[in-house]
Structures are given as C-alpha cells and as structure tokens.
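Residue numbers (our numbering): 28 to 200. Note that CB positions come from ideal geometry on N, CA and C, so glycine has one too.
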Amino acid sequence: MVNAIAIPKILIGTWSLLNTTPTDLNGVPKPPEEPGYGHHPTGQILYTPTHMSANIMSTDRAHRPASLAWPANTTEKLQNWAIVGRTTLHYAGPLTALEGSGDKNGRLIHGPLTVSNRPSWDGTPQERNYTLTEEEVTVEGEGGEVRKRLVLHLWARNETSKNIANLFWEKIA
28 MVNAIAIPKI LIGTWSLLNT TPTDLNGVPK PPEEPGYGHH PTGQILYTPT
78 HMSANIMSTD RAHRPASLAW PANTTEKLQN WAIVGRTTLH YAGPLTALEG
128 SGDKNGRLIH GPLTVSNRPS WDGTPQERNY TLTEEEVTVE GEGGEVRKRL
178 VLHLWARNET SKNIANLFWE KIA
C-alpha cells in the first residue's frame with residue numbers, strides 16, 4: 028500500500044477541459060474515431076483538499092437531442108436519453124494524493140467513488156497520473172495578448188484496451 032499525502036495546493040480549484048487525446052501504450056496518437064465523449068467534448072473537474080468531481084460531455088449535436096427536457100417526461104424517446112448517457116461521464120468522491128506527488132507531477136486516487144453515472148465505477152478507486160505545466164498562449168481578439176495558463180495533464184493507462192486516456196485541463200479558478 029502506498030501512503031497518502033495532502034493534495035498539492037496547486038491542484039485545488041476548478042479546471043476546464045481543453046482536449047482528450049487517446050494514445051496507444053507507446054504514446055502514439057490513435058487514429059480518429061468516434062470517441063466516447065464525441066469529437067469536441069467539454070467538461071470541468073473540481074478539486075478540494077479532500078474531494079473531487081468530474082463532468083465531461085459531448086457537444087456534438089447528434090449527442091445532444093434538443094427535445095429532451097428535465098424532468099424527463101413519458102413522451103421522450105428513451106434512446107435519446109441513452110445517447111446522452113453514452114456520451115457523458117460524471118463522477119465524484121474522496122480525493123487522495125499518493126506519496127511522491129508534488130507541484131509538478133504525481134498520482135491521484137479519485138475515490139472510492141460515491142457518485143458515478145457508470146454503474147461499474149460505483150465504489151471503485153480511479154487512479155490518475157498527473158503532470159502540471161505552465162504554457163504561454165496568445166489570446167485571439169485581444170490584440171495578440173500573451174498570457175500564461177496552467178495545464179493539468181491527467182492520464183490513465185489501460186492494459187486491457189491497450190491505450191492511454193489523456194485528458195488536458197486548464198485551471199480557471
């Protein structure tokens with residue numbers, strides 16, 4: 028068992044999804060296909076000193092039936108709700124940093140999850156590796172202003188599917 032430590036303070040806050048980039052186990056980008064969250068997903072991940080919450084969803088029109096209302100009514104087609112459910116990921120639970128984690132990189136445990144729209148994830152720990160980098164970006168429409176942004180790269184290696192799920196987030200608060 029690896030010892031848990033306090034969450035690095037630099038991680039605490041709200042992060043906005045920049046992109047998802049699946050690769051094979053050698054880090055080679057996988058060919059374009061229909062990704063689970065669609066082609067242009069959006070999302071946020073929130074970290075507090077002790078807990079986390081992640082929400083990712085497709086923005087592809089085909090995955091967002093405009094006719095759906097909340098609360099759901101009996102006239103809506105269940106397959107439309109299934110499309111939304113298939114192209115979203117939501118989960119939350121305790122957050123733990125593993126020994127050796129710091130301000131630049133490390134390992135996190137999301138969980139054991141107390142909330143998940145994936146029933147197989149209920150009560151499970153989801154391990155994520157992370158790297159933090161600071162990038163300079165040119166802001167379009169603002170006279171080419173250059174600003175710095177903090178980018179969080181989360182990734183999980185899956186030996187069964189022989190891929191690495193790479194998610195890149197920008198700190199927004």
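Residue i versus the options, residue with shortest Cα-Cα distance
{"i": "I39", "options": "Q106, L116, T114, L122", "result": "L122"}
{"i": "A119", "options": "H66, E162, W148", "result": "W148"}
{"i": "T10", "options": "P92, L105, W196, I110", "result": "Any property of residue 10 remains undetermined from this structure, which presents the chain solely from 28 to 200."}
{"i": "P68", "options": "T50, T77, P58, D87", "result": "D87"}
{"i": "N185", "options": "G150, T50, S128", "result": "T50"}
{"i": "A89", "options": "P98, G150, H66", "result": "H66"}
{"i": "K57", "options": "I199, K198, I191, A200", "result": "I191"}
{"i": "R145", "options": "D130, E162, I37, V111", "result": "V111"}
Whole-angstrom C-beta distance between residue j and residue i, which should lie under 8 Å
{"i": "T48", "j": "N193", "result": "5 Å"}
{"i": "E281", "j": "I32", "result": "With the chain covering only 28 through 200, there is no way to say anything about residue 281."}
{"i": "N154", "j": "A183", "result": "The sequence shown places Glu at residue 154, not Asn. Indeed, because the Cβ distance is near 7 Å, the residues count as touching under 8 Å."}
Which of helix, strand or coil DSSP assigns to residue i
{"i": "V55", "result": "coil"}
{"i": "S181", "result": "The sequence given here places Leu at residue 181; Ser does not occur at that position. Residue state, collapsed to three classes: strand."}
{"i": "W97", "result": "coil"}
{"i": "A119", "result": "strand"}
{"i": "I191", "result": "strand"}
{"i": "A81", "result": "strand"}
{"i": "A124", "result": "strand"}
{"i": "G150", "result": "coil"}
{"i": "R91", "result": "coil"}
{"i": "P33", "result": "It should be pointed out that residue 33 corresponds to Ala in this sequence rather than to Pro. Coil, per DSSP."}
{"i": "L159", "result": "strand"}
{"i": "L140", "result": "coil"}
{"i": "G133", "result": "strand"}
{"i": "G112", "result": "helix"}
C-beta atoms of residue i and residue j nearer than 7 Å
{"i": "P92", "j": "N107", "result": "yes"}
{"i": "T102", "j": "Y64", "result": "no"}
{"i": "L181", "j": "Y157", "result": "yes"}
{"i": "E172", "j": "V164", "result": "no"}
{"i": "A124", "j": "L135", "result": "yes"}
{"i": "L52", "j": "K189", "result": "yes"}
| query | At a cut of 8 Å, does the segment 41 to 49 reach the segment 135 to 148 through at least three beta carbon pairs? | reply | no
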